[in-house]
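4 protein chains.
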Amino acid sequence: MSAPKLPVAVIGATGIAGQQVLAALEDHPHFEIAALAASERSAGKSFEEAITEPESGIRRWYVSGTGPPAKVLGLTVEDARRLKLDGVGLVFAAIESEAARELEPLYAARAPTISTARPHRTEPDVPLLIPGVNLEHLELLAEQRKRRKWDGFLVTLPNCTATGLAVTLKALDERFGVEALVVTTMQGISGAGRDLAALDIVENIIPYIAREEERVELETRKILGRLSGGKVVDHPLKVSATCTRAGVLAGHTEAVSAALTKPASSAEVAETFERFGTGFTALGLPSSPKRMITVHHDPNRPQPRLDRDADGGMTTSVGRIRPDPVMPNGVRYLLVTHNARMGAGKGAVLAAEYLKHAGYLG
Amino acid sequence: MSAPKLPVAVIGATGIAGQQVLAALEDHPHFEIAALAASERSAGKSFEEAITEPESGIRRWYVSGTGPPAKVLGLTVEDARRLKLDGVGLVFAAIESEAARELEPLYAARAPTISTARPHRTEPDVPLLIPGVNLEHLELLAEQRKRRKWDGFLVTLPNCTATGLAVTLKALDERFGVEALVVTTMQGISGAGRDLAALDIVENIIPYIAREEERVELETRKILGRLSGGKVVDHPLKVSATCTRAGVLAGHTEAVSAALTKPASSAEVAETFERFGTGFTALGLPSSPKRMITVHHDPNRPQPRLDRDADGGMTTSVGRIRPDPVMPNGVRYLLVTHNARMGAGKGAVLAAEYLKHAGYLG
Amino acid sequence: MSAPKLPVAVIGATGIAGQQVLAALEDHPHFEIAALAASERSAGKSFEEAITEPESGIRRWYVSGTGPPAKVLGLTVEDARRLKLDGVGLVFAAIESEAARELEPLYAARAPTISTARPHRTEPDVPLLIPGVNLEHLELLAEQRKRRKWDGFLVTLPNCTATGLAVTLKALDERFGVEALVVTTMQGISGAGRDLAALDIVENIIPYIAREEERVELETRKILGRLSGGKVVDHPLKVSATCTRAGVLAGHTEAVSAALTKPASSAEVAETFERFGTGFTALGLPSSPKRMITVHHDPNRPQPRLDRDADGGMTTSVGRIRPDPVMPNGVRYLLVTHNARMGAGKGAVLAAEYLKHAGYLG
Amino acid sequence: MSAPKLPVAVIGATGIAGQQVLAALEDHPHFEIAALAASERSAGKSFEEAITEPESGIRRWYVSGTGPPAKVLGLTVEDARRLKLDGVGLVFAAIESEAARELEPLYAARAPTISTARPHRTEPDVPLLIPGVNLEHLELLAEQRKRRKWDGFLVTLPNCTATGLAVTLKALDERFGVEALVVTTMQGISGAGRDLAALDIVENIIPYIAREEERVELETRKILGRLSGGKVVDHPLKVSATCTRAGVLAGHTEAVSAALTKPASSAEVAETFERFGTGFTALGLPSSPKRMITVHHDPNRPQPRLDRDADGGMTTSVGRIRPDPVMPNGVRYLLVTHNARMGAGKGAVLAAEYLKHAGYLG
């Protein structure tokens, strides 16, 4: 007989990030959706009503390649501000920044909470987690619960742009040390949600994404940081990020030039990437990629349209590994990461799977 | 009474580069098209016939925003290998690499020749010219003609990706010195010509353009080089280029991180860009931009779709100037340059206008 | 000495439709912008401030190929609800439906008003005008002013999708009679304004545009209607419209199958299109196209990207004229019309030019 | 113990259509790939070599969402003109028209052959087959083999644009009779293969596809035809098709206005579509859709990007069913069909599955 599934709540269920969590939870072996919540406007409606425009009958569902899970359509959406968490063993908070700042501590006081939002990412006792990269940061949780007097806890996931980048940097840092990097991103539309007007991005590139570069710089250093005295000490590497938006639906492409502490040949870098994270992937968690990093030798790859969905959208695809003539001990490569899978809802579900595996959930 | 116009020949007239020259020559005050040439397949046909598919009646004209010049439609296309240059005062050679290697010296032996092709760009006695940037390299021509016993001469234009980059680097180098740079490009489709299949680039980014990065690195150093002993000595700056193709029709977007010899504030860099090339633009040549570099303060600019056609497609649009935390005395910016205007046919016509102005043409 | 220019007001100046009017009025020989108005939120700001996001500095200007007219940047935006029209000889109302319903009668009571909005289009004493197509409908204005006791008057422009269609139908109807038509549209993004999310339309087609098909059907019949007893009697033709949105920035492409009263060969149809409206175009109004309809014989044309800007975006480009085997006396063709030029702000300015020419303005 | 798999040959394996067959055969329960063939240029190479550009290492694989099947990479590609068919029980011919005309009869003389190419589609004794639509046309094969003295036989699949259309028309014809239709298509890029240049279609619509409209008109009538005297008598319905290319990667969207023999309400049409083909889908063939037609009630659907992959790309998605005011007993709807799944290689594999089920293969 299989173990009973853990009841979970999904907050922000009608938004893009929340829908990605719902899709990642469809037919999940360990979790079952016990509660949905969203803003007051949706409260009291069925999920199906809440995502359907009343006049036209148009349904707002944003996860490509699938419709809303059938089981979810009939669930009643609750008001995120009034949500009781009775019987809920885990909260996925996929809400806007302002609401997250206020509501996440309320959830975390009562139940384990995984957030895809920004406000608490940089707090020193809150793990900024990428499964397979910095799981040791979960040691912060004991201190966090004690200091904040929470029954639950709060784990945050990084910005989707930082995620794929940090996966590759961690692999390099472990073996060669990373001193500095220049990264230019070409980010997919879905990362901007529905706010990005077609009129702005079709047949175009937008050279600026508000606050994105700062986040990439800050979050990368925290993810790669080490624990000391119950908090994370940021990694000292220097980061220069230029973040642009491209006319690609999903998948962030990033061109990286990195300075290493020790010299590394392109073959050594490729091998390091391929070996990275095998301890974690060997756990075989349901949403886990088979490889944390997939290395391409065809110079035409990775491409966001062809490679974003590789390994369930959970691997970071890397190619064009070659020396960088400008950076000290320099190496260059491009990567593609799926901003809406590993970099969002499905990454949150993978984090939950690890938390369960490691005994953090009940 | 106005001076008679100089008769010019356009070689490769049916291809994309050649058509851009034709468009740039429409109603030109100083030049008139006296001869068209292309491959043997088109020879003997009118230009209109040569660009029209016989069965379907579909016409192959590649310059956006305009049709073929009416005067050109009825001209007879000659065989580029058999072209007589009687009475022709200037040749625009806009042909494929292999043909250029063989034919351009034959043209240059008889007439001044401006080439948009690659093969002779790196020869030490052949100027690799960007009008307004390195016009002093034309001093090579005297030596070139003498050594090669040519009645004419050969001037080449750079790769379209190097063009906009070199314009900005020259401005920086004059005032602050440039030591090194990391550049990531997001290049427009028209730079690839008709070979790029829609199936490959729609809703996608291709992380590799064959031989492009090497050219950007080589050509940038030559354009910024100094004359010494009748040849160009390459500039010693180090260049790390990553060249990608984006789903943008025209306009190359480039994210640059540069290390300078002397520190420069963002305001000083902006001011340096705005002042650059005013001696050249003051000549008021017909195809000249009003400004070599247009600086944007709106962080959302430059965008290729909005800015590629600025100033007739001849200015380099720059924005997001800010310090680079990784490069020594580092500065970062993005630029947009029109690969098919300044970076191709219209740049060739501007070069011709300067050659005429400076007395190099008859 | 040239005549003094007529002072005009542009309402809805910060929106897409209003900006198109502003662009069409730049350096206009007969009109000068005397007042700008928009919603309360923009009131009191300079136009430049009103279109610039305060935090990021991003400027919201939607007309492709040009920036905001320099003269307009410093003008103060007034509140559309409190606008005095002292000294204003003409109002361009380019506002949302709800506001238009309320405010346009207030403007029309005081000054000649041209509206691009929907609410008053179907009122029997309000002309639904396409310059060059149904100018005789202006005879309604005398009756309108009398009945409504207005000092000014109200003229409306049709939906952008109906515009190009009605131009071609009017040409056919005059000579052959039009009984019925089936039309499928593939409409450009700019017709939807900024509400259309990139996530919905990139690499996609949306098969539905709310209320668009009904408008095309209604408005076409009114535009082609005849005057009788001081009002417009709709044309009896039957219209079946299917309106879709395509991933094209601007330009509506429409595939038309029409049943005619009298048989017509494809050559006769082409000739009829080419001759249409020459009486109007001969007036040489500043924003007028040279031809109302431009006929293509290349089967690959018209294409929205290549042909939308033809003749200043004011001509309707038609191609692939051929018999229709299903419709009685059937003819098929495709057309491309620029939804944001002839079908919007520039069409409104052309209407104003005709009103001035015909003595309706002061 | 499971039955041994039938050895099959795939001709044209390096092309787009052939690769789609290979993808549809991956891990197939009934068929195994015994031979690959292509043009002389690829002969003797492994499949992996044959699809890899020698200089750059770029691999040409065109099926989205998957790489080449691992088992196929090492197979040797044979010359399609010299292919022995020893031991091969079925040939998939996915080759260019000219080669198909010559080679398909040679294959069919020796083995059952399913072709995706055009040349033999309109021959009266060759079935033009859509599984689930006109399987009774397979009765032609007995006559075909006798008359042509073939040991095998030849079955062809329709043009991808005709496929989805014919599925819906057959459903309507069975219950209401179809007299005539006007259809406008917006076809995906992959239907054009690699010949379609990005420069032509990005941010554009092309109003013409050579020979497509004639094929849709001819093939639709044959598919819906009835058997009489050992050949197919075309259905007498009249078809007016306008075929355009849109900037969508895959999936053909078609707007249909049909005249029926008997009146039908929108609800009856929807119900008819939903019930269509249940006898066939109940067979549960491995590549079969669960429903031949999927009906959408959300007016915003079907969309090619969201619906082309529904039911394995094998269902025809229909929406916006409503009366047509112009056609007699008129009904309107839009459909999306996956040109590269049901309309190509995977449709061929489904046809093969039925042939096997019905005892036509060995």
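Protein chains in written order, with the numbering used here: chain A, 2 to 363; chain B, 2 to 363; chain C, 2 to 363; chain D, 2 to 363. Glycine residues also receive a C-beta, built at the ideal position from the N, C-alpha and C atoms. Model, not experiment: these values are computed from the prediction.
Below-8 Å beta-carbon distance, residue i vs any chain B residue
i: C/P300; result: yes
i: D/S98; result: no
i: D/R342; result: no
i: A/G226; result: no
Proximal chain G residues relative to residue i, where beta-carbon distance stays under 8 Å
i: C/S57; result: Here chain G cannot be found, since the structure's protein chains are A, B, C and D.
Segment limits, alpha helix (DSSP H) that includes residue i
i: A/R176; result: C161 to R176
i: B/H138; result: Where B/H138 is concerned, there is no enclosing alpha helix (DSSP H), given that its DSSP letter is neither H nor E.
i: A/Q21; result: I17 to L26
i: A/I202; result: A199 to I202
i: A/T282; result: T279 to T282
First and last residue of the uninterrupted beta strand (DSSP E) at residue i
i: B/Y334; result: G331 to T338
i: A/G320; result: T317 to D325
i: C/S79; result: Note on identity: in this sequence residue 79 of chain C is Glu, with Ser being the wrong assignment. Counting along the chain, the beta strand (DSSP E) containing C/E79 begins and ends at V78 to D80.
i: C/S267; result: No beta strand (DSSP E) contains C/S267, which is instead part of the alpha helix (DSSP H) from S267 to R276.
i: C/P106; result: Unbroken run through C/P106 is the alpha helix (DSSP H), S98 to R111; no beta strand (DSSP E).
i: A/V64; result: Premise fails: A/V64 is in no beta strand (DSSP E) and is neither H nor E.
i: B/E49; result: From DSSP, B/E49 is part of no beta strand (DSSP E) but of the alpha helix (DSSP H) over F48 to A51.
i: A/P8; result: L7 to I12
i: D/L158; result: Segment: none, D/L158 is in no beta strand (DSSP E) and carries neither H nor E.
i: A/V296; result: I294 to V296
Whether residue i touches residue j by CB criterion (8 Å)
i: C/H253; j: C/T186; result: yes
i: D/F154; j: D/R148; result: no
i: C/A143; j: C/A251; result: no
i: D/S318; j: D/H297; result: yes
i: C/A95; j: C/G346; result: yes
i: C/F32; j: C/A352; result: no
i: A/P287; j: A/P30; result: yes
i: C/E204; j: B/V203; result: yes
i: B/V92; j: B/L86; result: yes
i: C/G90; j: C/V9; result: yes
i: B/V337; j: B/P290; result: no
i: C/P339; j: C/R302; result: Correcting the residue identity first, residue 339 of chain C is His in this sequence and not Pro. No, they are not a contact pair.
i: D/E220; j: D/A242; result: no
i: C/F48; j: C/V64; result: no
i: D/L139; j: D/Y361; result: yes
i: B/T316; j: B/T295; result: yes
i: A/L261; j: A/N160; result: no
Test: residue i CB closer than 8 Å to a CB of chain D
i: B/A18; result: no
i: A/E204; result: yes
i: A/D310; result: yes
Contact with chain A by residue i, beta-carbon distance below 8 Å
i: B/T254; result: yes
i: C/E215; result: no
i: B/Q188; result: no
i: D/R321; result: no
C-beta neighbour in chain C for residue i, strict 8 Å
i: D/G248; result: yes
Unbroken beta strand (DSSP E) runs of length 3 or more, entirely within the stretch 209-273 of chain C: which are they? 227-229, 232-234, 239-247 and 253-261
The stretch 219-237 of chain D touching the stretch 189-203 of chain D, judged by at least three CB pairs closer than 8 Å: no
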